[in-house]
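Read the structure below first, then the notes.
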Ligand code: SF4
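In the working numbering, the protein residues as written are 1 to 136.
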């Protein structure tokens with residue numbers, strides 16, 4: 001999902017990205033916002049998963065250190081569903097360990113693989129069964 005950012009959000013992210021981290025109280029001042037507007041801006045960016053906020057004490061006052069969300073965050077994970085290969089004929093193939101280019105069994109000449117690809121391309125995946133394999 002593409003997140004819409006307003007101009008203040010874009011400026012805040014650019015500033016934080018350029019410096020690595022910024023104190024929340026400094027960010028407000030640099031963007032010309034008051035503390036209430038600045039706090040709301042930061043909350044929006046945290047909710048969108050774009051910022052990490054760590055509580056710190058500076059000169060005896062509590063504030064937050066803001067940094068870009070870590071690379072291994074939820075936002076940047078790629079989720080892969082096993083559904084996409086559950087009906088792949090190789091999963092139940094008794095020749096899987098012998099199947100490679102140049103052997104009697106190879107993906108390039110396998111009729112089951114051809115059939116699987118043709119059905120996927122035709123958009124009729126419901127015809128596939130995960131338990132169909134080579135007949136011996
Ligand atoms: S022979 Fe066909 S079904 Fe079996 S592992 Fe090779 S490509 Fe997959």
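From the three backbone atoms N, C-alpha and C, an ideal C-beta is built for every residue, glycine too.
Whole angstroms is fine: what's the gap from residue i's alpha carbon to residue j's?
i: residue 106; j: residue 5; result: 50 Å
i: residue 14; j: residue 63; result: 20 Å
i: residue 84; j: residue 21; result: 40 Å
i: residue 124; j: residue 47; result: 40 Å
i: residue 67; j: residue 82; result: 34 Å
i: residue 56; j: residue 65; result: 6 Å
i: residue 98; j: residue 19; result: 54 Å
i: residue 114; j: residue 121; result: 11 Å
i: residue 9; j: residue 54; result: 18 Å
i: residue 61; j: residue 42; result: 18 Å
i: residue 91; j: residue 119; result: 17 Å
i: residue 36; j: residue 23; result: 15 Å
i: residue 52; j: residue 59; result: 22 Å
i: residue 96; j: residue 17; result: 48 Å
i: residue 25; j: residue 39; result: 9 Å
i: residue 44; j: residue 32; result: 17 Å
With DSSP as the reference, label residue i as helix, strand or coil.
i: residue 69; result: coil
i: residue 83; result: helix
i: residue 64; result: strand
i: residue 88; result: coil
i: residue 120; result: helix
i: residue 41; result: helix
i: residue 23; result: strand
i: residue 34; result: coil
i: residue 114; result: helix
Under 7 Å Cβ to Cβ from residue i, same chain only, skipping five residues before and after it: list those, please.
i: residue 110; result: none
i: residue 75; result: The pLDDT assigned to residue 75 is 49, lower than 50, so where the model puts this residue is not dependable, and the model offers no usable value.
Where the beta carbon is closer than 5 Å to any heavy atom of ligand 1, which residues qualify, in chain order?
-> Cβ-based neighbours of ligand 1 within the cut-off: 89, 90, 93, 95, 96, 99, 105, 107, 110, 112 and 113.
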